[in-house]
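The structure appears below as structure tokens.
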Amino acid sequence: NKVLVVIGGGDSAVEESTHLTKFASKGVLLVRRDVLRASKVMQDRVKNNPKIEILWNTEALEVTGDQAVAAVRVVNNKTKQQSEIPAGGLFYAIGHEPNTEFLKGQIDLDATGYIKTIPGTTRTSIPGAFACGDVQDKVYRQAVTAAGTGCMAALDAERFLSEC
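Heads up: the sequence shown begins at 915 in this note's numbering, then just goes up one per residue.
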């Protein structure tokens, strides 16, 4: 039962904050602006959660602790006032843009930069090229699903190579 800090203002941050309250005594959401960019439904969810405190116009400056996170030093970017939040964990949820710019024009990407795959597989527009994890999953973006699609890609690649 520790305080967990989440950085971000979009759907990912709000969803992460809400999820983490299952494991924390309190969640603190650091939002560098004075508004959330999350959808209305997600905003309502986080604003109505009594275990979540939203700190507006606030940015993380430093994480302190010897072997683990002990606190997060923050600054209000309007007043410049600094404070420290005792915390047992820090989570960054500041956007999920796939790092696929270098593939543009070589492999089919969707409008937001995710690699397009054939449904139910990890196969891409290029035979022998497979995509997995956060470069092709714009829905879940979790380590466990990335690992799962990584396994799928390995199996798809093995199948492809055996057919060559």
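Heads up, the beta-carbon is just placed ideally off N, CA and C, and yes, glycines get one too.
Predicted model only: the values in this text are computed from it and were never measured.
For residue i, write down the residues that DSSP places opposite it in a beta bridge.
| i | result |
| --- | --- |
| LYS916 | ALA938 |
| ALA985 | THR978 and PRO1000 |
| PHE1044 | ARG1037 |
| PHE1005 | VAL920 |
| ASN990 | THR972 |
| GLU967 | VAL942 |
| LEU1023 | ILE1029 |
Looking at the structure shown, is residue i part of a helix, part of a strand, or coil, going by DSSP?
| i | result |
| --- | --- |
| LEU1075 | helix |
| THR972 | strand |
| LEU950 | coil |
| GLU929 | helix |
| ARG959 | helix |
| VAL1058 | helix |
| VAL1049 | helix |
| GLU1011 | coil |
Nearest to residue i by CA position, among the options, is which residue?
| i | options | result |
| --- | --- | --- |
| ILE1008 | ALA985, SER1076, GLU930 and GLY1064 | GLU930 |
| PRO1033 | THR1063, GLU1011, ASN1013 and ALA1057 | THR1063 |
| ALA952 | THR1031, ASP980, THR978 and ILE921 | ILE921 |
| TRP970 | ASN962, LEU950 and VAL986 | LEU950 |
| ILE966 | ILE1029, VAL917 and THR1059 | VAL917 |
| VAL977 | GLN1056, SER997 and ARG947 | SER997 |
| THR1036 | GLY1002, PHE1074 and LEU1004 | PHE1074 |
| THR972 | ARG987, LEU944 and GLU1077 | LEU944 |
| ASP925 | VAL960, ARG947 and ASN990 | VAL960 |
| VAL1058 | LYS1052, ALA1067, ALA1068 and GLY1047 | GLY1047 |
Run the CB neighbour count on residue i, radius 10 Å, all protein chains shown included, and call it buried at 16 or more, exposed below.
| i | result |
| --- | --- |
| GLY1042 | exposed |
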